[in-house]
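Taking it in order: structure first as structure tokens, then the write-up.
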Amino acid sequence: MHPRRATFWALYLPPVAWVGLFFLVPLVLMFALSFRADMQGELLGPWRPGLTQYEAIFAVGSYWRLLAISIGMALAVAAAAVTLAYPIAYFLVFRAGRAAGICLVILMIPFWTSFLLRVMSWKFLLGSEGVINSLLSYLNVISEPLGGLLYSRNAVVITLIYVWVPFAALPIYAALQRIDHELLESAADLGARPWAGFRAVTFPLSLTGVLASFFMVFIPTVGEYVTPLLIGGSSGSMFGNIIQDFFTKAANWPRGAALSIVMLAITLVLVAIAARVVNVRRLLG
Amino acid sequence: MIASRAIAHPPRPGFLGAYFAGLAILLYLPLAVLLLFSFNAGTSLSFPVQDLTLDWYRKLFDSPEVLRAARNSIIVAVGSGSAATLLGTAVAILLTRFRFRGESALFAIALLPLVVPIVVLAVALLVLFLAIGIDRSLWTVGIGHTVVALPFVVLIVTARLAGFDRDLEDAAMDLGARYPKVLARIVLPLIAPAIVSAWLVAFTVSLDEFALALFLAGNDATFPVYLFSQLRFASRLPVMIALAVLMMVATLLLVLLAEWIRRRGATARAA
Amino acid sequence: MLTMLRRLFLIPVLLALSIAACSQKSEDKEVAQTSGKLAVLDWAGYDAADFWIDFKNKYPDAAVGFEIGSSDADIYGKMKAGTQADIFHVYTGWLQFYVDEGLVEEIDVTKLQNWSKVPESFRIIGQFNGKQYFLPWDWGFTSILYRTDKVKGTIDSWTALHDPKYQGHIATWDDGPGMVTVSSYIHQYDETAITPEQLAAIKAEWIKQRKLNLFYWAGEPELIDAMANGDVWVAYAWQGAYATLLGQGVPVAYADPKEGRNSWVGAYGIRKGTPNKDLALRFLDEKLAEATASNVVNQFYYGVANQEVMQGITDPALKQAFSIDDPTVLQRTNFTPNLTARQRDDWTAMWTEVKAAP
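Residue numbers (the working numbering), protein chains in the order written: chain A, 5 to 289; chain B, 7 to 277; chain C, 556 to 913.
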């Protein structure tokens with residue numbers, strides 16, 4: 005076999021086999037499960053497929069309104085996270101020098117601590133009798149504790165941005181590494197203004213990273229449920245919470261599966277449209 | 007020539023450095039709170055902070071289950087992180103260096119785990135493993151984590167490889183090198199930092215992951231699952247906090263140590 | 556550089572392989588040594604040795620492994636999916652499904668030495684069609700827990716959860732069937748026969764309540780922290796939270812609503828078809844024993860089916876929490892009936908619509 009062909013198959017088969025068995029097969033199982041009318045009888049035994057679950061979920065308008073809201077929240081989080089992360093990536097590539105690696109790890113370490121414990125700390129800091137409120141009322145800046153810091157949709161968006169920024173920096177960091185420093189420095193030596201270099205060279209070359217980062221944040225955030233569960237309060241639920249509830253509170257796997265399939269389909273359509281608009285194929289090279 | 011350039015333009019923190027420092031402070035603030043409470047004699051996270059004590063750290067070393075849970079988490083994270091990095095890098099190379107039918111499909115499928123809510127994947131994998139007859143264990147958790155981390159690796163490494171200057175590769179092949187060697191000797195070393203950051207992300211995704219671990223772990227709990235099971239006891243919370251703080255401090259120290267060693271090595275070589 | 560990369564990747568792979576090899580060896584050792592291995596599907600926290608200490612001491616050669624379930628629905632789903640757990644732990648409301656679907660073995664009570672300590676009122680909770688399918692084990696109340704320093708007067712009705720006076724400081728449990736129960740107490744509905752019109756009214760009521768509610772708690776620790784730091788003043792709560800807050804010195808009271816408190820019971824069942832039926836039965840028997848039961852009361856602040864242990868409680872906070880000194884409280888208490896599959900589906904779906912509402 006031509007070595008390049010052999011390389012191709014060596015690279016192609018392991019990931020495809022893994023994803024095929026441990027992702028696509030379960031996904032198909034879920035898809036099949038969504039056509040089940042209920043949980044009665046042997047789960048893996050034969051049953052008559054039907055559209056009961058899909059009829060039931062499409063009859064509830066508030067689910068789809070919530071999905072639209074979740075998508076909106078995800079867009080906001082992704083846009084903000086990518087924007088806030090760009091300077092971090094730039095810093096790592098162009099300013100941190102040899103310390104870039106360690107700076108990267110410094111960003112990651114907080115995420116090796118339990119998210120649950122960190123949220124508990126935030127509740128301690130932001131609660132109505134917490135540090136921030138106590139300090140502000142001691143300084144007479146406020147007379148009543150600030151309510152909106154926790155247990156609201158805004159709190160969820162802010163927390164999600166906070167949590168995503170370090171991760172969002174990474175694809176941008178990766179893309180910025182392609183840039184030849186010496187090229188930029190030569191341009192600067194020859195008298196080009198710093199912003200010109202950025203606009204003409206750096207930013208366009210970093211676009212793959214920016215896009216990768218945006219999708220990396222946007223896609224999972226649509227189905228996010230942990231953060232809304234911990235700090236969203238009663239009115240801060242996202243679509244993911246509804247799906248989660250059908251699995252872990254309702255024991256209604258078929259309905260949860262149906263909701264997931266629809267969310268999956270809609271997100272894929274959105275991503276496909278975006279990919280078309282951006283012409284991903286050309287960017288991949 | 008390059009060495010002199012490095013000395014002529016040392017890292018300049020400036021405004022961006024301050025921005026980075028600001029973000030780091032925000033990220034570490036809750037950890038500072040946890041550090042404070044790991045020394046707190048009381049058992050709830052509220053003011054006032056009572057007497058300070060080292061009791062919780064002492065108790066930690068008497069709690070083999072806590073340490074075992076932490077060990078399990080690290081094992082799974084290292085394993086699944088490495089597997090995801092291997093598979094994801096392979097996919098990234100395929101997408102940016104080869105032309106084949108089904109390229110878009112491969113890209114879509116590699117990213118698909120991002121779209122599927124994790125609880126759906128957890129339940130589906132549970133059903134799959136029970137149907138096939140695979141006993142649930144840290145291995146099954148690792149398999150789930152690899153699937154979930156894969157999209158991150160693909161995105162990061164692809165961002166690095168896309169539009170990558172192929173002159174070096176083409177030159178090497180013109181000189182007679184076979185493609186696998188070109189990949190191994192030229193491409194991988196150059197994109198190593200991206201691969202390492204991808205591994206870091208995959209490792210991080212796995213370390214604190216709860217939903218898959220809850221469904222797919224057999225009798226060996228990972229740390230997030232163990233923490234969840236202990237939360238009911240207010241008295242056990244400080245020990246868990248002590249462990250979390252300890253793990254963080256230990257990692258920080260290890261990283262600083264590695265950096266110090268590397269710098270020693272670098273200056274030694276320069277001299 | 557590449558050799559370094561290769562080494563870097565090799566290390567975790569080798570690590571993983573050697574760990575697998577080690578765990579394999581230790582598994583073989585276990586099978587050879589012990590007289591049996593039990594797998595228990597239980598709730599978070601109950602895997603601690605204190606809560607099966609009698610079994611541990613009496614049968615040192617038996618190994619017990621725990622799988623954690625996060626809710627009744629989670630445990631039911633895992634049992635349906637075919638988990639190989641020998642024993643599982645579920646609560647009133649969810650017991651009927653296992654009997655209907657043939658997932659639970661009958662318990663031979665003649666083999667239980669501690670069965671005599673369980674009063675009849677608890678025994679019948681685990682009985683279906685005249686047979687004992689479940690072993691009642693832990694129990695408790697549900698009522699309204701409130702901060703006496705933030706709430707004027709006493710609370711004596713479930714309507715407190717809907718009271719606009721406490722806007723932004725109310726917290727209820729994240730559970731649809733639980734809220735249907737509360738509404739049925741308030742409006743005197745028949746809990747076992749809720750009509751679609753009643754369900755729609757209940758849904759509207761809780762959507763309205765959402766504006767007053769701060770968050771839905773999933774577990775007691777969340778609620779305890781929020782009540783301790785003053786975010787929550789009035790809550791739907793179990794007595795475990797009450798006892799814990801009393802112990803922390805927070806000024807709280809546990810209501811005696813005129814509609815009556817709710818009570819729930821947790822029970823253990825043996826999975827149908829388990830090969831370890833005898834060992835499982837012994838495990839259940841030792842669950843009722845004194846040391847185990849005492850630990851549950853003193854560490855979890857939950858009641859136990861072992862009446863001797865309940866009558867032996869001396870801690871004043873616990874006596875208050877269980878209303879031990881008020882023997883008539885049980886007459887005013889409503890016990891959670893078992894749901895039908897239809898009710899489960901309808902009421903849980905109703906709750907998701909409450910959360911999704913604009």
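Backbone N, C-alpha and C fix where the C-beta goes; we use that ideal spot for every residue, glycine too.
My assumption, with CB atoms under 8 Å, is that residue i sits in contact with residue j. Please give the rounded CB distance.
i, j, result
"Val789 (chain C)", "Tyr721 (chain C)", "5 Å"
"Pro50 (chain A)", "Phe39 (chain A)", "The Cβ separation is near 12 Å, so there is no contact."
"Asn245 (chain A)", "Lys910 (chain C)", "6 Å"
"Arg142 (chain B)", "Leu222 (chain B)", "6 Å"
"Phe3 (chain A)", "Leu218 (chain B)", "Chain A is shown only over 5 to 289; residue 3 (chain A) falls outside these bounds and no answer can be derived."
"Val169 (chain A)", "Leu88 (chain A)", "5 Å"
"Asp711 (chain C)", "Ala810 (chain C)", "6 Å"
"Ala179 (chain A)", "Arg191 (chain B)", "So it is not a contact: roughly 23 Å between Cβ atoms."
"Trp694 (chain C)", "Trp819 (chain C)", "7 Å"
"Gly824 (chain C)", "Phe689 (chain C)", "5 Å"
Find out if the Cβ-Cβ distance for the pair residue i, residue j is shorter than 8 Å.
i, j, result
"Ala93 (chain A)", "Ala173 (chain A)", "yes"
"Thr163 (chain A)", "Ile235 (chain A)", "yes"
"Gly150 (chain B)", "Ala128 (chain B)", "yes"
"Phe770 (chain C)", "Ser238 (chain A)", "yes"
"Leu153 (chain A)", "Leu121 (chain A)", "no"
"Gly723 (chain C)", "Leu894 (chain C)", "no"
"Ile725 (chain C)", "Ser739 (chain C)", "no"
"Ala848 (chain C)", "Tyr797 (chain C)", "no"
"His644 (chain C)", "Leu596 (chain C)", "yes"
"Asn817 (chain C)", "Asn768 (chain C)", "no"
"Thr228 (chain B)", "Asn78 (chain B)", "yes"
"Ala200 (chain B)", "Gln181 (chain A)", "yes"
"Phe222 (chain A)", "Leu79 (chain A)", "yes"
Between the C-alpha atoms of residue i and residue j, what's the straight-line distance to the nearest angstrom?
i, j, result
"Leu73 (chain A)", "Met242 (chain A)", "Reading off the sequence, residue 73 (chain A) comes out as Ile, not Leu. Going by the C-alpha atoms only, they are around 8 Å apart."
"Met34 (chain A)", "Asp833 (chain C)", "36 Å"
"Tyr166 (chain A)", "Leu111 (chain A)", "12 Å"
"Leu108 (chain A)", "Ser203 (chain B)", "8 Å"
"Leu136 (chain B)", "Asn850 (chain C)", "34 Å"
"Arg826 (chain C)", "Asn158 (chain A)", "45 Å"
"Lys613 (chain C)", "Ala640 (chain C)", "21 Å"
"Leu161 (chain B)", "Tyr25 (chain B)", "25 Å"
"Ala191 (chain A)", "Arg203 (chain A)", "13 Å"
"Val97 (chain B)", "Ala114 (chain B)", "11 Å"
"Val568 (chain C)", "Val255 (chain B)", "Confidence at Val568 (chain C) is low in this model, with a pLDDT of 47, below 50, so the placement of that residue is unreliable and no value is reported for it."
"Ala269 (chain A)", "Ile75 (chain A)", "13 Å"
"Pro18 (chain A)", "Thr95 (chain B)", "11 Å"
"Tyr653 (chain C)", "Ala84 (chain A)", "48 Å"
"Gly600 (chain C)", "Ile608 (chain C)", "14 Å"
"Ala216 (chain A)", "Arg172 (chain B)", "21 Å"
"Ile566 (chain C)", "Leu658 (chain C)", "The predicted position of Ile566 (chain C) is uncertain, since its pLDDT is 47 and thus under 50; no value can be drawn from it."
"Leu181 (chain B)", "Pro195 (chain B)", "19 Å"
"Lys553 (chain C)", "Trp713 (chain C)", "What the structure shows of chain C is the stretch from 556 to 913, and residue 553 (chain C) is not part of that stretch, so it cannot be assessed."
Would you list the residues sitting across from residue i in a DSSP beta bridge?
i, result
"Leu690 (chain C)", "C:Tyr823"
"Trp670 (chain C)", "Its beta-bridge partners do not exist; DSSP assigns none."
"Gly591 (chain C)", "C:Ala617"
"Ser818 (chain C)", "C:Phe696, C:Phe890"
"Asp597 (chain C)", "C:Ile623"
"Leu58 (chain B)", "B:Asn46"
"Trp772 (chain C)", "C:Trp728"
"Ala179 (chain A)", "DSSP lists no partner for Ala179 (chain A)."
Is any non-hydrogen atom of the ligand COA found closer than 7 Å to the C-beta of residue i, if you look at the structure I gave you?
i, result
"Leu161 (chain B)", "In the structure shown, the ligand COA is absent, as is every other ligand, since no ligand is present at all."
Handout entry: Interface residues of the stretch 133-154 of chain A facing chain C [CB-CB below 9 Å]
Key = Contacts with chain C (Cβ-Cβ distance below 9 Å) from the stretch 133-154 of chain A involve Glu133, Gly134, Pro149, Gly151, Leu154, listed in chain order.
Handout entry: Interfacial residues, the stretch 20-33 of chain B to chain A, with Cβ spacing under 8 Å
Key = Gly20, Leu22, Gly23, Tyr25, Phe26, Leu29, Ala30, Leu32, Leu33
Exercise for the section: Pull out every residue of the stretch 768-784 of chain C whose Cβ sits closer than 9 Å to any Cβ of chain B, in chain order. Expected result: Gly774, Glu775, Pro776, Glu777, Ile779, Asp780, Ala783, Asn784
Handout entry: Residues of the stretch 30-43 of chain A whose Cβ lies closer than 8 Å to any Cβ of chain C, in chain order
Key = Along the stretch 30-43 of chain A, the positions whose C-beta sits under 8 Å from a C-beta of chain C are Asp42, Met43, read in chain order.
Problem - Under 8 Å (Cβ pairs) to chain A, residues found in the stretch 616-647 of chain C - result: Ser625, Ser626, Asp627, Ala628, Asp629, Tyr631, Gly632, Lys635, Ala636, Gly637
Practice task
Residues of the stretch 247-276 of chain B with a CB closer than 9 Å to any CB of chain A: list them in chain order, please.
Solution key: If the cut-off is 9 Å between Cβ atoms, the stretch 247-276 of chain B has Ile247, Ala250, Val251, Met253, Met254, Thr257, Leu258, Val261, Leu262, Ala264, Glu265, Arg268, Arg269, Ala272 near chain A.
Practice task
Please list the residues of the stretch 146-163 of chain B that have a C-beta atom closer than 9 Å to any C-beta atom in chain C, keeping them in chain order.
Solution key: Gly148
Exercise for the section: Could you run through the stretch 229-246 of chain A and flag, in chain order, every residue whose CB is less than 9 Å away from some CB of chain C? Expected result: Leu233, Leu234, Ile235, Gly236, Gly237, Ser238, Ser239, Gly240, Ser241, Phe243, Asn245, Ile246
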